[in-house]
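Residue numbers (my numbering): 6 to 330.
Step one of this worksheet: look at the structure below.
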Amino acid sequence: GHTETTVAVIIVYCVLFIIAAGGNLSVVITLFRSRRHRRSRVSLMICHLAVADLMVAFIMIPLEVGWRITVQWHAGNVACKVFLFMRAFCLYLSSNVLVCVSLDRCFAVIYPLRVSAARKRGKIMLGGAWFIAFANAIPQSIIFRVQHHPNVPDFTQCVTFGFFTTPAMETAYNLFCVVAMYFMPLMVISAAYTVILCEISNRSREKETSDTSHTGGMRLRCNDLTHIERARQRTLRLTITIVVVFVWCWTPYVVMTLWYMFDRESALKVDGAIQDGLFLMAVSNSCMNPLVYGSYAMKCRRPWRRQMAPNGVQTPNAAQRRSTG
Numbered sequence: 006g007h008t009e010t011t012v013a014v015i016i017v018y019c020v021l022f023i024i025a026a027g028g029n030l031s032v033v034i035t036l037f038r039s040r041r042h043r044r045s046r047v048s049l050m051i052c053h054l055a056v057a058d059l060m061v062a063f064i065m066i067p068l069e070v071g072w073r074i075t076v077q078w079h080a081g082n083v084a085c086k087v088f089l090f091m092r093a094f095c096l097y098l099s100s101n102v103l104v105c106v107s108l109d110r111c112f113a114v115i116y117p118l119r120v121s122a123a124r125k126r127g128k129i130m131l132g133g134a135w136f137i138a139f140a141n142a143i144p145q146s147i148i149f150r151v152q153h154h155p156n157v158p159d160f161t162q163c164v165t166f167g168f169f170t171t172p173a174m175e176t177a178y179n180l181f182c183v184v185a186m187y188f189m190p191l192m193v194i195s196a197a198y199t200v201i202l203c204e205i206s207n208r209s210r211e212k213e214t215s216d217t218s219h220t221g222g223m224r225l226r227c228n229d230l231t232h233i234e235r236a237r238q239r240t241l242r243l244t245i246t247i248v249v250v251f252v253w254c255w256t257p258y259v260v261m262t263l264w265y266m267f268d269r270e271s272a273l274k275v276d277g278a279i280q281d282g283l284f285l286m287a288v289s290n291s292c293m294n295p296l297v298y299g300s301y302a303m304k305c306r307r308p309w310r311r312q313m314a315p316n317g318v319q320t321p322n323a324a325q326r327r328s329t330g
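As structure tokens, then:
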């Protein structure tokens with residue numbers, strides 16, 4: 006029989022599956038039903054993010070649930086390598102596409118008039134996101150393999166046991182995974198949105214110091230200032246939300262992973278239920294993404310906002326969007 010903790014973890018995984026699958030499928034359906042969104046560069050990136058999160062929902066979560074139920078690995082060596090590759094690939098891809106979205110918004114603010122170049126750059130970045138995720142996940146298919154328990158020959162498991170010749174090699178690989186999946190994306194996302202805020206702030210100050218000589222111009226200047234200020238506030242909220250959600254979902258699990266890498270003996274004393282909970286938080290990022298970007302970056306219709314984010318901040322109107330690029 007399964008422990009109460011295992012049953013609870015399986016239930017949470019099922020809930021996450023429903024939320025991630027429902028939210029991200031809604032994103033994709035909304036995009037394909039809207040001709041304007043199909044032509045939008047940002048919507049293309051959001052669609053790629055939704056696809057990555059759908060892979061988490063339909064590949065990684067069922068894998069985790071099935072593994073919890075069976076305890077041992079019954080699917081054979083090839084499936085072991087393929088599924089462990091896909092498990093890492095979809096997580097890498099989700100983080101990489103988040104980076105693409107942040108860089109695209111950054112370039113849009115700095116170079117608002119270079120639309121054709123932005124489209125080409127966006128496709129190149131997305132292609133790079135998929136390629137990097139694929140390259141980073143390849144080692145998983147090499148280091149994982151099915152092995153029999155030395156004392157229980159009938160018990161098989163998909164593990165890395167025996168691959169790394171020294172503990173230092175294993176630590177180095179695990180550290181690479183954490184950096185590629187968490188620290189690098191976080192650094193780029195934070196830097197990109199910091200640049201966005203600085204750029205909008207500078208433009209706001211330039212508008213405030215500019216002088217006009219007629220009443221109509223003064224009225225226009227005030228309207229511009231209002232739009233820029235609103236755009237700045239919305240961008241600030243978006244920045245905080247994106248970074249906080251990413252950090253909130255991933256940091257506890259990353260801290261636990263680093264602890265395990267550098268002080269395994271004490272880390273193993275942590276309750277298994279807590280460790281499971283931390284990984285579930287990381288997986289929940291795929292549930293949060295459609296909520297965050299559904300409210301801000303997608304600029305979807307009101308029915309979508311009511312369905313997915315009733316308490317979300319409304320997207321800027323057309324004039325405010327122009328002022329943010």
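Glycine included, C-beta positions come from ideal geometry on N, C-alpha and C.
Problem - Residue range of the unbroken alpha helix (DSSP H) whose run includes H153 - result: Locating residue 153 in the sequence shown gives position 148, where the first residue counts as 1. Premise fails: H153 lies in the beta strand (DSSP E), 150-153, not in any alpha helix (DSSP H).
Practice task
May I have the straight-line CA-CA distance separating G71 from E204, to the nearest angstrom?
Solution key: For the purposes of this step, residue 71 is taken as residue 66 along the sequence shown, with counting starting at 1. For the purposes of this step, residue 204 is taken as residue 199 along the sequence shown, with counting starting at 1. In a straight line, the C-alpha of G71 is about 48 Å away from that of E204.
Problem - Boundaries (first-last residue) of the beta strand (DSSP E) holding T161 - result: Within the sequence shown, residue 161 is the residue found at index 156, counting from 1. Element bounds for T161: 161-164.
Practice task
Could you say which of I245, N141, K125 lies nearest to F90 if we only look at CA atoms?
Solution key: Position 85 of the sequence shown holds residue 90. It is N141 whose Cα lies nearest to the Cα of F90.
Handout entry: Q152 and F169 closer than 7 Å at C-beta
Key = Numbered from 1 along the sequence shown, position 147 holds the residue referred to as residue 152. Numbered from 1 along the sequence shown, position 164 holds the residue referred to as residue 169. The answer is no: Cβ separation not under 7 Å.
Problem - Given G132 as reference, the closest of W253, V114, V297, V104 once Cα atoms are compared - result: Residue numbering aside, residue 132 sits at position 127 when the sequence shown is read from its first letter. Of the listed residues, the one whose Cα sits closest to G132 is V104.
Practice task
Determine the contact status of M261 and L285, defining contact as a CB-CB distance below 7 Å.
Solution key: Indexing the sequence shown from 1 puts residue 261 at position 256. Indexing the sequence shown from 1 puts residue 285 at position 280. For M261 and L285, no; Cβs fall outside 7 Å.
Practice task
Report back the beta-carbon spacing between F88 and L118 to the nearest angstrom; my notes put them in contact at under 8 Å.
Solution key: Here residue 88 refers to the residue found at position 83 when the sequence shown is read from its first residue. Here residue 118 refers to the residue found at position 113 when the sequence shown is read from its first residue. No, F88 and L118 are not in contact; Cβ-Cβ is about 46 Å, not under 8 Å.
Exercise for the section: Using a threshold of 7 Å, state whether the C-beta atoms of C85 and C182 are closer than that. Expected result: Your numbering for residue 85 matches position 80 in the sequence shown. Your numbering for residue 182 matches position 177 in the sequence shown. No, Cβ-Cβ distance for C85 and C182 is not below 7 Å.
Practice task
Please specify which runs of the beta strand (DSSP E), each continuous and at least 3 residues long, are wholly inside the segment 113-195, giving them in chain order.
Solution key: 150-153, 161-164
Problem - Extent of the continuous alpha helix (DSSP H) run through V20 - result: The residue given as residue 20 occupies position 15 in the sequence shown. Note, V20: alpha helix (DSSP H), 9-38.
Exercise for the section: State the Cα-Cα distance for the pair V33 and A138, rounded to the nearest angstrom. Expected result: Along the sequence shown, read from residue 1 onward, the residue named residue 33 stands at position 28. Along the sequence shown, read from residue 1 onward, the residue named residue 138 stands at position 133. Distance between the alpha carbons of V33 and A138 is about 21 Å.
Problem - Alpha carbon of T171 to alpha carbon of R73, nearest angstrom - result: Indexing the sequence shown from 1 puts residue 171 at position 166. Indexing the sequence shown from 1 puts residue 73 at position 68. Spanning the two alpha carbons is a distance of roughly 29 Å.
Practice task
State the DSSP-derived secondary structure class of V275, mapped to helix, strand or coil.
Solution key: Sequence index remark: in the sequence shown, residue 275 carries index 270 (1-based). Coil, per DSSP.
Handout entry: Neighbour-count burial assignment, C52, 16 or more Cβ in a 10 Å radius
Key = Residue 52 sits at position 47 when you count from the first residue of the sequence shown. So C52 counts as buried.
Handout entry: Beta-carbon contacts of P190 that lie in its chain and below 8 Å, excluding the five residues immediately before and after
Key = As a position in the sequence shown, residue 190 is number 185, starting the count at 1. Closer than 8 Å at the Cβ level, and outside the excluded window around P190, lie S100, N101, L103, V104, F251.
Practice task
Would you mind stating whether N294 and L54 have Cβ atoms separated by less than 7 Å?
Solution key: As a position in the sequence shown, residue 294 is number 289, starting the count at 1. As a position in the sequence shown, residue 54 is number 49, starting the count at 1. In contact: N294 and L54 (Cβ atoms closer than 7 Å).
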